[in-house]
Amino acid sequence: MSIIGVSAALGLLAPAALAAGPTIRTSSSRATPAMRPRTSLRLDIGHPIAWIGQAIPITVRAQFRDVDGVTLEGTPQLKSEGVFTSDLAREPHQSTMVIDGAPVLVATWTGTITPSTSGPFALSVELPVRVRYHEAAEQPAFDGPSDEDPFGMLNLNIDPSDPSSMQRLFRSFEQSFNRDVTQATGRVHDETTTLKATNRPVDIKELPLSGQPPRFTGVVGRFELHATMTSPDARASEPTTLSVTVRGEGDLDRVEIPGIESSRDWKAYPMAVKTKAAEPGKRIAQKTFEQTLIPLHGGALTIPPLSLSEFDPVAGRYTTVSTTPLTIDVTGPAEPVVISPPPAQAPAAPAADSRVSSDSTAPRLPPPPSSALVVSIRSLAFRLAPVLLVILGGLAAAVLRRRDDEKSLRRALRVTAKQGSVPAFFDAARRLIVVHFAKRWGVPEKEVTADALRRQLGATADPLVQAMSTADALRFGRRDLPPTELRVVCSSIEASLRDAA
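Position one of the sequence shown corresponds to residue 11 (my numbering), numbered consecutively onward.
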């Protein structure tokens, strides 16, 4: 509820009023006070003809004259039989106009409406207000000199020793004073009313089917697209962020950017709205989207252009705007080289038949002595012993390290759940799941994926898959969760790990 105060005597805003704009003096045809309305409301729509989905500017203007103060009992309420969305300022802009020598307080709201049906679009507005004003003073008729003695009350039979006589004299003075003040200034009135205004119907046209792009989503306006990377540095297998800004004239609610798709160069997560800056009544609006991308290898990687199909209401045709392709230098190993399989070896010659005739002239090789074979095996064992010890030691260290990692990750999971640290909690959860199942299945950690968990565990994997997906998609920003909710997720993850064991 807003309060607007006016000093009727000076024609200025009262000190307790909201800040007003400049005083504007206008000229108009002379009208008697009885002909001038004390309050009025007006609705102006910017376009007599518009398109479905077009943001149409509107102005609501309320005027108050000959009032001591105004209380707004709410904001202007737009009403229409058609379906539309509105974006109207909550606080009005105030100014004071002087018309025919009388102060007029003006409150103005600006905004936009967006119709979603074709045909005549009728719109009205209502504004509940309470005004305070003085009733016009009654001017007594003058018929000539009065024979009444103005001091006749003093001729009353007053006895100073009689208290009742003095009270009668005081009441006479009081009644005479109140009557004179009322005749001079008029009575004070508080009036509550609802101001109403309508406008001529606007002709809303259907969007043409001819020339409509295949990926058109109903965006009506004139926009520009700009794409940037939030960080100039990028490393393979580490996330980076693509930022896309949409700026222009139109309804931002219908603007959506799908983002780039996953490819051999990028792993792409869904696009999300980061900010929306659009003040009611402003022609230029802005909306920002962000998409998390992970480069899969090093080198000069290209982000393809993103496009937005729109209908230009001024030109009356469809257009498509696109971003400029971005080339990012990613630090890290290049794409893995595919190792060709070794060439096929020629099949070994079949062994000679041991049953050779006595007259065969082929030389016969004697078998190696068994003692020489044993010596060769022992020599090879001594040579390979240091290598085997190193391998076994590395495996043992890896097992112990994984065991220690799992214990520390379980501890970190509980601590972050108690603290309510969302990013740290989901990072620890994802790491714990990967380490646990890599050890249990005897596979590299990179093979522990959500699909692998579903194939191996079935329904038991649901909490684990959900935790991994949340860690991947929301590791760069998430609303805070209370520790109680994180403890529930923590218990669910630990229970799933026990069930899968």
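Glycine residues also receive a C-beta, built at the ideal position from the N, C-alpha and C atoms. Quick caveat: nothing in here was measured; it's all calculated off a predicted structure.
Ranking Val444, Arg424 and Ile443 by CA distance to the CA of Phe435 puts Arg424 first. Buried is the label assigned to Glu300, since at least 16 other Cβ atoms lie within 10 Å of its Cβ. Within its own chain, the residues whose Cβ lies closer than 8 Å to the Cβ of Leu318, once the five positions on either side in sequence are excluded, are Val229, Phe233, Leu235, Val256, Val265, Ile267, Thr330, Val331 and Ser332, listed in chain order.
Between the alpha carbons of Gln429 and Gln87 lies a gap of roughly 45 Å. The Cβ neighbour count for Arg441, taken over all protein chains shown within 10 Å, is at least 16; the residue is labelled buried. In the three-state DSSP reduction, Thr470 falls in the helix class (H, G or I).
With contact defined as three or more Cβ pairs closer than 8 Å, the stretch 121-139 and the stretch 197-215 are in contact. Secondary structure of Ser105 (DSSP, three-state): strand.
For Phe233, DSSP records a beta bridge to Gly258. Residue pairing by DSSP places Glu201 opposite Val141 in a beta bridge. Setting aside the 5 residues that flank it on each side, Tyr143 is surrounded in the same chain by Arg48, Asp76, Val77, Asp78 and His199, each with a C-beta closer than 7 Å to its C-beta; the list follows chain order. Under the DSSP assignment, Lys449 falls in the alpha helix (DSSP H) whose first and last residues are Val432 to Trp451. Between Ile270 and Pro314, the C-beta gap is smaller than 8 Å, which places the two residues in contact. Here the stretch 118-126 lies against the stretch 82-102, with 3 or more beta-carbon pairs under 8 Å apart.
By the neighbour-count criterion, in which a residue is buried when 16 or more other Cβ atoms sit within 10 angstroms of its Cβ, Ser506 is buried. In the three-state scheme derived from DSSP, where H, G and I count as helix and E and B as strand, Ala132 is classed as coil. For Phe74, the enclosing beta strand (DSSP E) starts and ends at Ile66 to Arg75. Collapsing the DSSP output to three states places Ala246 in coil. Beyond the five residues adjoining it in sequence on each side, Ala278 comes within less than 7 Å, by CB distance, of Gly269, Ile270, Glu271, Ser272, Gln301 and Leu303 in the same chain, given in chain order. By a beta-carbon distance limit of 8 Å, Thr312 does not contact Ala246. Their separation comes to about 15 Å. Collapsing the DSSP output to three states places Ala344 in coil. Judged by DSSP in its simplified three-state form, Ala295 adopts strand. Judged by their CB atoms, Thr203 and Val139 are nearer to each other than the 8 Å cut-off.
If you draw a straight line from the Cα of Gln476 to the Cα of Thr251, it is about 22 Å long. In this structure, the alpha-carbon of Asp509 lies about 7 Å from that of Thr470. Per DSSP, the unbroken beta strand (DSSP E) holding Ala278 starts and ends at Trp276 to Ala278.
Under a 10 Å Cβ-count criterion, Gly468 is classified as exposed, with fewer than 16 other Cβ atoms of the shown protein chains found around its own Cβ.
In the structure shown, the three-state DSSP call for Asp322 is strand. Met281 carries a coil assignment under DSSP once its states are collapsed to helix, strand and coil.
Residue range Phe94 to Leu98 is occupied by the beta strand (DSSP E) that includes Ser96. Cα atoms of Arg210 and Lys286: separation of roughly 32 Å, rounded to the nearest angstrom. Membership of Gly121 in the beta strand (DSSP E) is indicated by the continuous run Ala112 to Pro125. Around the beta carbon of Pro242, fewer than 16 other beta carbons sit within 10 angstroms, so the residue counts as exposed. Pairing Gln73 with Ser50 gives a Cβ-Cβ distance under 8 Å.
Here Ala438 is not near Ala448, since their CB atoms are 8 Å or more apart. Excluding residues up to 5 positions away in sequence, Ile66 lie with their Cβ nearer than 6 Å to the Cβ of His57 in the same chain.
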